[in-house]
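A short write-up of the structure that comes next.
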Amino acid sequence: MFENRRYIVIGAFCLVGLIYIARLFYIQVLDDSYSLGSSKNSVKRVIEIPYRGQVYDRNGKLIVYNTPVYDLYVTPKQMKVPDTLAFCRMMNITRQEFDSLINQATTYSPFKPSLFLRQLSKEDFARIQDALVDYRGFEPRMSSMRTYPAHTLANALGYVSEITKKQLDEQATFYYRQGDYIGHNGLEEQYEEELRGKRGVRFVMQNVRGVVKGSYKNGEFDTVAVAGQNLYTGIDLDVQQYADSLMANKVGSVIAIEPATGEILVSVSAPTYDPNMLSSRFFSKNYGKLLKNPYKPLVNRPVMASYRPGSTFKLIQALVAQQQGSLFPNTAYSHAGSPMRCHCHGVRNLSGAVQYSCNPYFYHVFRKMLYFNGDPNTFKASAIGLQQWYDAVKLFGIGQKLGIDLPTEYGGKLPSVEFYDKVYKGQYRWKFSNIYSLSIGEGELLISPLKLANVAAIIANRGYYIPPHYAKGVGKVGSGIDATYYEKRQVNIDPKYFGPVIEGMRGAVVHGTVTPLANIADVELCGKTGTSQNAKMGHKYDHSIFVGFAPINNPKIAIAVFVENAGWGGKAAASVAALVVERYLKRKTEALKLDESVKAQNYMLNVGVIGAKPAQKKKLDSLRKDTTRKAVVKKPLMTNTAPAKPASRTAAAGVNGN
Amino acid sequence: MSRNDPFARNIDWLTLALYIGCVLMGWFNVYAAVYSPEAKTSIFDLSTNAGKQLMWIGTSIILIICVLVIDHRFYDQFAYIFYGFMIFMLLLVMVAGSNINGSRSWFKFGSFSLQPAEFAKLATSLALARYLDVPGVNLTKQKDQLYVAGIIGLPAILILLSNETGSTLVFAAFIIMLYREGLPAIYPLSGITLATLFVLALIFPLTYIFIGIAVLAVAVIFILPRYNRNLRSILGIGLISLAMMGVVAGVDFFVNDVLQTHQQNRIKVLVNPNIDPLGVGWNVTQAKIAIGSGRFEGKGFLEGTQTKFDFVPEQSTDFIFCTIGEEHGFVGSTIVVLLFVGLLSRLVILAEKQRSRFARVYGYCVAGVFFFHFMVNIGMTIGLMPVIGIPLPFFSYGGSSLWSFTLFLFIFLKLDSRRTSMLSRN
């Protein structure tokens, strides 16, 4: 009766079967969006950031290494905090901070883990690890933190912190992602690519809760992380730390170079800060504090500060003039005819003039140099003479970038003929009498401490230098650094002309402008003091400068020391230099009396006798400024910044320990 | 069991082979669904669903033997007793059952549990077969229609009361048997029409549907043969159209005000799978991703990532088809669909061969229930059906369902095996 309905029933079965097969064909074969959805779902890219390379000093001592730390991540949806206050107390955060962190995380994603607290130390983590069991939704992840066991060299090293928005946008190769760490300033930035290594990518399979369930396709697509290469520097850590302690309570720089190689042995920028401050999770707090500090501890003074070289420039004048043929070792000038005053007495030859830093002598030397071409027109003669002088002095690196391995280096200032033409609004409108202050290193000259140290290296080498640099090797000593750091650069001065100058420099230390205490036995320090005019610019004190090398034969160390607002160069700067050189050559300090007196000196108090605002204005007006101090305060806000001091070390530990 | 065995002699070997195929594939896929590449558990590990499923398969064999040993008249004679017992169990489970996921429909005995609702289909089928076997029962008669509705409705309502909507809906599957047995076609047709209107009402704005129905009604009137185009038929069509519009308008109210939230969501997700893929739409989205990512050949046995890593919920029970789709691709999925279509058609063909109406009705019940499970279960994983938690026969993990489907099928095969002997004896 109804038998035929069986066909309708079977037909219905087949129809449904067909519809399903068609649908399966569509979602499995035709539409590949599901397939993509699947890999997005279950395959996760895990970025493996390799350990950053470590930094060593010339003796193999560690300057920077990595400490394993834990970053704490929170997944808001899974989070269960039964007692918020107890949790905050344990984490050492306030309730407000907790709320804002959780808020931030929830805004990012309620389901995905986001960073809650950065860089918990192993000790902190051990403390909270057990308690963390009670708080669901928190997950610790291993990470690493830059650690500076010597607490020194902060300015040259720079720091490692999160990449900035600007850097992220401007990167050429799209290597970095938001939240990545990158080296800022200093060696960390300069050798970023070598230090950071290459991060690896691992594809892992995860389940719906993000729990990793093994590698994807047995790691076929994974790339292995390449560990960062170690950086070997020429820094002598012991001397560096000692120099740090000497520069406590002073503003300025100590920079020492090994003349034979151009390697930087000591690089102190004072006041400095403990580099550990900028690697902890309190980076932004500490950075803000350092930024506001009126002494500008973040500035790397050896390369970024510019000063007028003062009397130290007489060394270059003496060399250039001899090479020109306008000056001989036995040339003698009296004080007569010079508008300059002098603290020495009598007529002297070249080495004597260097020894006692005779201003009128070098007035005459420079005058002779400019007019040596014999042009009857003194304006023309000055122009020709200055051009010759400019070309010769340029070879010493003055007014040039030396090409140090740091991201920032200032060229300084060496006035050229064009410069004066511009200042005096036309050719031949100026002559020697307008620019004679150049003869003693004042006027429109600006150099950095590094350049001055390099001048010392040139004299120590008797005629050449190797561009100063920090790195001795990347990966291993002697490899991976720029070829320019092996290049000898000649300054076109005949070695024989160095004799009288060096004789004068030795004389200056033994019995000259240098304080007698700084003549330390068995060191054979040769040097030249300088007093960079500053007092005339509205400040109370001049800057104290010393440049020198030791020992006299086959020199091992060339050094330049700047102490701001310390007055006369023969005392503050020379004393620091003598002690640093002694420490380097003897590996110990025997001149304890000098050591004691230097450490007792506090020139911070001298800084800033006038109001902040006018001083800044004046600075902007003035060509002859030093660029280190951007603001001036009435009284020192920071009395102890030297990292080697035990007090600050405790403070640093306190910062890290949280 | 050899072919000479008196019980096995007349078993339909094709159906048996299809059954064994389904059960074994199901077992392997349950293993694949619970397999974890880290743990590398054995398929025989009794602590996993795969090992337990093997146990269920083993016990099913015992059940099959029992079914085949028992005299066929037993099922006929005891049909109403089974039915009565089942109604009692359904009542009991509401009082004494354990609460699992908000529905009180399981008996728990230690570590394993039984769901009487799974067996209710079986008892109802037997009762229906028994009732329709009585000579003179005619489904065109209102009285018989009411009785049948009562037999189906009673357990269905009890199951609904224990909050097992999915299992309740399965009772709609008897419409196939009833249709074959002479129920006027208007019933299944109006059922399908209602379902269509239901879906349309969810997808399109009401006014569009109203216009559509009106246009359709006018078209039907014009198509009507001239001699039929009288006032009465036009009025009838008009009334039907109005009723349809009423249904459409009612659906809106029904979905938003009558259904529970999770049921509303399931229906909304069916209509628009892209709403809230991380929340309500999660199951459907993830199921489709799993199946779709299998592509043509599949990722390979135990190589699936979606199903294994818990992206797909209930992957060894209700969503077992996702594992097949992901690991065996279009090829595997098609084989499973064809396997089912084959089994269902074979059941219909066998049912038609039956001499007794009892056996035929029962056979159609089996085919209908299997069809409903197959259609809804696979349909929900590929986004053609709302998510209704009912298992895929023989594939899904679970003792209750495997046992009930096995009993269901083998009682029919037992009845079928008597067909030839009845012929030879009578």
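Protein chains in written order, with this note's numbering: chain A, 62 to 719; chain B, 52 to 477. Every residue gets a Cβ at the ideal spot worked out from N, C-alpha and C, and that includes glycine.
Legend entry - Short Cβ contact (9 Å threshold) for B:A83 with B:L443: Within the second sequence, the letter at position 32 stands for residue 83 of chain B. Within the second sequence, the letter at position 392 stands for residue 443 of chain B. For B:A83 and B:L443, no; Cβs fall outside 9 Å.
Inset, instruction - Counting only the same chain and skipping the five closest in sequence on each side, list residues whose C-beta sits under 7 Å from that of A:G446. - result: Locating residue 446 of chain A in the first sequence gives position 385, counting from the first residue. Excluding sequence neighbours, A:G446 sits near M430, L431, Y432, F433 and N434.
Inset, instruction - Compute the beta-carbon to beta-carbon distance between A:K589 and A:K375, rounded to the nearest angstrom, for a pair I have assumed lies under 8 Å. - result: Translated into the one-based positions of the first sequence, residue 589 of chain A becomes position 528. Translated into the one-based positions of the first sequence, residue 375 of chain A becomes position 314. Correct: roughly 7 Å between the Cβ atoms.
Inset, instruction - Just mark A:Q302 as buried or exposed, buried being the case when its beta carbon has 16 or more other beta carbons within 10 Å. - result: In the first sequence, residue 302 of chain A corresponds to position 241, counting from 1. When all chains shown are included, A:Q302 counts as buried.
Inset, instruction - Please confirm if A:V803 has its CB atom under 9 Å from at least one CB of chain B. - result: Nothing can be reported for residue 803 of chain A, as the shown portion of chain A is limited to 62 through 719.
Inset, instruction - Report back the beta-carbon spacing between A:R402 and A:N420 to the nearest angstrom; my notes put them in contact at under 8 Å. - result: Along the first sequence, read from residue 1 onward, the residue named residue 402 of chain A stands at position 341. Along the first sequence, read from residue 1 onward, the residue named residue 420 of chain A stands at position 359. Contact between A:R402 and A:N420 holds, with the beta-carbon distance rounding to 7 Å and staying under 8 Å.
Legend entry - For A:M203, the residue or residues it bridges with in DSSP: As a first step, residue 203 of chain A must be located in the first sequence, where it is residue number 142. Per DSSP, A:Y131.
Inset, instruction - Give the secondary structure of A:G78 by DSSP, where H, G and I count as helix, E and B as strand, and everything else as coil. - result: Residue numbering aside, residue 78 of chain A sits at position 17 when the first sequence is read from its first letter. Three-state result, A:G78: helix.
Legend entry - Any 3 or more C-beta pairs closer than 8 Å across the segment 385-401 of chain A and the segment 530-547 of chain A: no
Legend entry - 3 or more residues per run - each beta strand (DSSP E) lying fully within the segment 144-193 of chain B: Taking only runs of at least 3 residues, the beta strand (DSSP E) segments lying wholly in the segment 144-193 of chain B are 149-151, 154-160 and 163-165.
Legend entry - Rounded straight-line distance, which links the Cα of B:S468 to that of B:S53: Within the second sequence, numbered from 1, the residue matching residue 53 of chain B stands at position 2. Within the second sequence, numbered from 1, the residue matching residue 468 of chain B stands at position 417. At B:S53, the pLDDT of 44 sits below 50, so the modelled position is not reliable; the number obtained from the coordinates is stated separately. About 14 Å.
Legend entry - For A:F480, the first and last residue of its enclosing alpha helix (DSSP H): Taking the first residue of the first sequence as position 1, residue 480 of chain A is located at position 419. That run of the alpha helix (DSSP H) goes V478 to V484.
Legend entry - Within chain A, partners of B:A230 - CB distance below 9 Å: Residue mapping note: residue 230 of chain B aligns to position 179 of the second sequence, counting from 1. What sits at residue 230 of chain B in the sequence shown is Tyr, not Ala. F63, R66, I69 and V70, listed in chain order.
Inset, instruction - Could you tell me whether any Cβ in chain A is nearer than 9 Å to the Cβ of B:G376? - result: Counted from its first residue, the second sequence places residue 376 of chain B at position 325. Taking Cβ atoms only, chain A reaches closer than 9 Å to B:G376, which makes this a yes.
Legend entry - C-beta neighbour in chain B for A:S345, strict 9 Å: Sequence index remark: in the first sequence, residue 345 of chain A carries index 284 (1-based). So, not an interface residue.
Inset, instruction - Kindly indicate if chain B contains any beta-carbon less than 9 Å away from that of A:L511. - result: In the first sequence, residue 511 of chain A corresponds to position 450, counting from 1. With 9 Å as the cut-off, A:L511 does not count as an interface residue toward chain B.
Legend entry - Own chain partners of A:G371 with C-beta closer than 6 Å, once the 5 adjacent residues on each side are dropped: The sequence position of residue 371 of chain A within the first sequence is 310, counting from 1. Only G502, G591, T592, S593 and I606 meet the Cβ criterion.
Inset, instruction - Reducing DSSP to helix, strand and coil, say where A:C587 ends up. - result: Indexing the first sequence from 1 puts residue 587 of chain A at position 526. Reduced to three states, the DSSP call for A:C587 is strand.
Legend entry - Pair within 9 Å by beta-carbon distance, B:F133 and B:L173: Counted from its first residue, the second sequence places residue 133 of chain B at position 82. Counted from its first residue, the second sequence places residue 173 of chain B at position 122. The answer is yes: Cβ separation under 9 Å.
Legend entry - Validate contact between the segment 413-421 of chain B and the segment 165-182 of chain B using beta carbons, cut 8 Å, 3 pairs: Short answer: they touch.
Legend entry - Range covered by the beta strand (DSSP E) that runs through A:H604: As a first step, residue 604 of chain A is located in the first sequence; it is residue number 543 there, counting from the start. Unbroken beta strand (DSSP E) run through A:H604: H604 to A611.
Legend entry - Interface partners of B:L395 on chain A, CB under 7 Å: Translated into positions along the second sequence, residue 395 of chain B becomes position 344. The answer, in chain order, is F74.
Legend entry - Partner residues on chain A for B:I441, Cβ-Cβ distance less than 8 Å: On the second sequence, residue 441 of chain B is found 390 positions in, with the first residue counted as 1. Within chain A, no residue comes near B:I441; the closest Cβ sits about 15 Å away, beyond 8 Å.
Legend entry - Rounded Cβ spacing between A:Y368 and A:I508 (contact assumed at less than 8 Å): Reading the first sequence from its first residue, position 307 is the one you call residue 368 of chain A. Reading the first sequence from its first residue, position 447 is the one you call residue 508 of chain A. Between A:I508 and A:Y368 the Cβ distance is about 7 Å, and since that is below 8 Å, they are a contact.
Inset, instruction - Mind checking who A:L181 pairs with in its DSSP beta bridge? - result: Here residue 181 of chain A refers to the residue found at position 120 of the first sequence. Assignment of beta-bridge partners to A:L181 by DSSP yields A:Y131.
Legend entry - Inter-residue spacing [alpha-carbon to alpha-carbon] between A:L646 and A:T128: The sequence position of residue 646 of chain A within the first sequence is 585, counting from 1. The sequence position of residue 128 of chain A within the first sequence is 67, counting from 1. Their backbone Cα atoms lie some 33 Å apart in a straight line.
Inset, instruction - Spell out the partners DSSP gives A:Q551 in its beta bridges. - result: On the first sequence, position 490 is the one that residue 551 of chain A refers to. Looking at the DSSP assignment, A:Q551 forms a beta bridge with A:Y525.
Legend entry - Alpha-carbon spacing of A:L499 relative to A:Y451, whole angstroms: Within the first sequence, the letter at position 438 stands for residue 499 of chain A. Within the first sequence, the letter at position 390 stands for residue 451 of chain A. Those two C-alpha atoms are separated by around 11 Å.
Inset, instruction - Classify A:N615 as buried or exposed, calling it buried when 16 or more other Cβ atoms lie within 10 Å of its own Cβ. - result: Along the first sequence, one-based indexing puts residue 615 of chain A at 554. So A:N615 counts as exposed.
Legend entry - B:I237 and A:A73 closer than 9 Å at C-beta: In the second sequence, the residue the question calls residue 237 of chain B occupies position 186. In the first sequence, the residue the question calls residue 73 of chain A occupies position 12. No. Outside cutoff.
Legend entry - Cβ-based burial, B:T66 [other Cβ within 10 Å; buried from 16]: In the second sequence, residue 66 of chain B corresponds to position 15, counting from 1. A residue is called buried once 16 or more other Cβ atoms fall within 10 Å of its Cβ, and B:T66 is buried on that count.
Legend entry - chain A within 9 Å of B:A84, Cβ atoms only: On the second sequence, position 33 is the one that residue 84 of chain B refers to. B:A84 does not count as touching chain A.
Legend entry - Extent of the continuous alpha helix (DSSP H) to which B:L390 belongs: Here residue 390 of chain B refers to the residue found at position 339 of the second sequence. In the DSSP assignment, B:L390 falls within the unbroken alpha helix (DSSP H) covering I371 to K404.
Inset, instruction - Determine whether the Cβ of B:Y415 lies closer than 9 Å to any Cβ atom of chain A. - result: Within the second sequence, the letter at position 364 stands for residue 415 of chain B. Yes, its Cβ sits closer than 9 Å to a Cβ of chain A.
Inset, instruction - At 9 Å on the CB atoms, spell out the chain A contacts of B:I291, in chain order. - result: Your numbering for residue 291 of chain B matches position 240 in the second sequence. Chain A residues near B:I291: none, gap ~22 Å exceeds 9 Å.
Legend entry - Member of A:N515, A:V315, A:V287 and A:I110 whose CA lies at the smallest distance from the CA of A:S204: Reading the first sequence from its first residue, position 143 is the one you call residue 204 of chain A. The shortest C-alpha separation from A:S204 is found at A:I110.
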